[in-house]
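A.B. asks:
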Amino acid sequence: MNLKSEQLSDLTDADLLQESGKGSRDAFRILYRRISKALYSAAFKFTGNGADADELMQETFLELWKQAPKYDASLAQPLTFASRIIRNRAIDRIRKKTRRGRIVEDSKQDILELTQSAPLAGAFENLRASEAAQVVRKAFDVLTEDQRQVLQLAYFGGLSQSEIADRESQALGTVKSRIRRGLERLRVELEGKL
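All letters in the sequence shown, in the order written, are residues 353 to 546 by our numbering.
1) Distance check for K545 and L368, CA to CA, integer angstroms please.
2) Please list the terminal residues of the continuous alpha helix (DSSP H) segment that includes E415.
3) Considering only the alpha carbon of each residue, which of K422, A366, K397 lies closest to I443?
4) Comparing alpha-carbon positions, which option in A405, E407, S426, P430 lies nearest W417?
5) Is the separation between the beta-carbon of R436 and that of D404 shorter than 9 Å?
6) In the DSSP assignment, find the unbroken alpha helix (DSSP H) run with A428 in it and report its ends.
7) According to DSSP, is A470 helix, strand or coil?
8) So, are the CB atoms of L495 and L538 less than 9 Å apart?
9) How would you write the range of the alpha helix (DSSP H) that T526 sits in, first residue to last?
10) Between S469 and A506, what straight-line distance do the alpha-carbon atoms span, to the nearest angstrom?
11) Using a Cβ-Cβ cut-off of 8 Å (strictly less than) and excluding sequence neighbours within five positions of I387, which residues of its own chain qualify?
12) Looking only at its chain, what residues have a beta carbon closer than 6 Å to the beta carbon of E541, apart from the 5 residues adjacent to it on each side?
13) Measuring straight from C-alpha to C-alpha, what distance separates L408 and E515?
14) Could you pull out every residue in the same chain whose Cβ sits closer than 8 Å to the Cβ of K422, ignoring the five residues on either side in sequence?
15) Among R439, F508, Q370, G525, which has the Cα closest to the Cα of L427?
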């Protein structure tokens with residue numbers, strides 16, 4: 353059934369999600385307008401900031417679109433269905449951040465050794481390299497955990513942006529923007545210090 357926008361507007365949220373499951377982007381747009389404010393509020397409560405809430409919303413609606421063909425209106429209303437998705441995604445993010453935090457903490461000594469082990473001639477150069485490494489480490493502390501993680505994987509782990517996206521189960525655009533923002537913050541933080 354190919355419904356027009358006026359007809360779609362008259363449908364319930366459940367009908368809109370079922371139409372979305374049949375590939376109707378117009379139905380999904382209308383459903384998005386209806387439930388996005390409530391979901392954004394939940395996303396913001398889970399994440400505590402707008403940027404992460406936006407990412408969580410994007411992930412949630414992408415998953416909702418993928419799950420729409422399987423949606424069963426007898427089991428839950430679309431808002432409840434989407435709320436479960438956003439809740440599960442938020443829990444996954446918290447677990448991932450906790451895991452990343454442990455990895456970063458466990459890697460600090462390795463990073464320190466890597467930044468200080470460059471073969472330099474003379475004690476003065478070693479001292480200068482050590483001071484520079486300390487400045488860089490302090491600059492890294494200014495970054496968000498997500499930015500720090502992707503930069504470490506890119507520069508210390510030697511991974512490409514695509515490999516990082518695959519490894520961290522993140523969108524490539526998210527990885528690229530975190531690297532870009534992280535490098536911008538590092539540039540500002542290190543300006544005039546090295």
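For glycine and all other residues, C-beta sits at the position ideal for the given N, C-alpha and C.
Given the structure is predicted, the values throughout are model-derived calculations rather than measurements.
C.D. replies: A quick look at the data gives this:
1) Residue 368 sits at position 16 when you count from the first residue of the sequence shown. Residue 545 sits at position 193 when you count from the first residue of the sequence shown. When the Cα atoms are used, L368 and K545 turn out to be separated by approximately 56 Å.
2) Here residue 415 corresponds to residue number 63 of the sequence shown, with the count starting at 1. Bounds of the alpha helix (DSSP H) holding E415 are 402 to 419.
3) Here residue 443 corresponds to residue number 91 of the sequence shown, with the count starting at 1. Out of K422, A366, K397, K397 has the C-alpha closest to the C-alpha of I443.
4) Start at 1 with the first residue of the sequence shown, and residue 417 comes out as number 65. Ranking the options by Cα distance to W417, first place goes to P430.
5) On the sequence shown, position 84 is the one that residue 436 refers to. On the sequence shown, position 52 is the one that residue 404 refers to. Not in contact: R436 and D404 (Cβ atoms no closer than 9 Å).
6) Translated into positions along the sequence shown, residue 428 becomes position 76. Annotation: A428 is outside any alpha helix (DSSP H) and is labelled neither H nor E by DSSP.
7) Taking the first residue of the sequence shown as position 1, residue 470 is located at position 118. Reliability of the predicted coordinates at A470 is poor, the pLDDT of 46 falling under 50, and the value obtained from them is presented with this limitation in mind. Coil.
8) Working through the sequence shown from its first residue, we reach residue 495 at position 143. Working through the sequence shown from its first residue, we reach residue 538 at position 186. It is a contact, given that the beta carbons lie within the stated cut-off.
9) Residue numbering aside, residue 526 sits at position 174 when the sequence shown is read from its first letter. From DSSP, the alpha helix (DSSP H) with T526 extends over 524 to 542.
10) If you number the sequence shown from 1, residue 469 lands on position 117. If you number the sequence shown from 1, residue 506 lands on position 154. Since pLDDT at S469 reaches only 48, below the 50 mark, its modelled position is unreliable, and the value read off the structure follows with that caveat. Roughly 19 Å between the two C-alpha positions.
11) To locate residue 387, count along the sequence shown from 1; it is residue 35. Cβ neighbours of I387 beyond the five flanking positions: D365, P430, L431, A434.
12) Your numbering for residue 541 matches position 189 in the sequence shown. Result list for E541: A491, V494, in chain order.
13) Along the sequence shown, one-based indexing puts residue 408 at 56. Along the sequence shown, one-based indexing puts residue 515 at 163. Going from the Cα of L408 to the Cα of E515 covers about 21 Å.
14) By one-based count along the sequence shown, residue 422 stands at place 70. Annotation for K422: G373 place their beta carbon closer than 8 Å to its own, counting only its chain and skipping 5 residues before and after.
15) Translated into the one-based positions of the sequence shown, residue 427 becomes position 75. With distances taken between Cα atoms, L427 lies closest to Q370.
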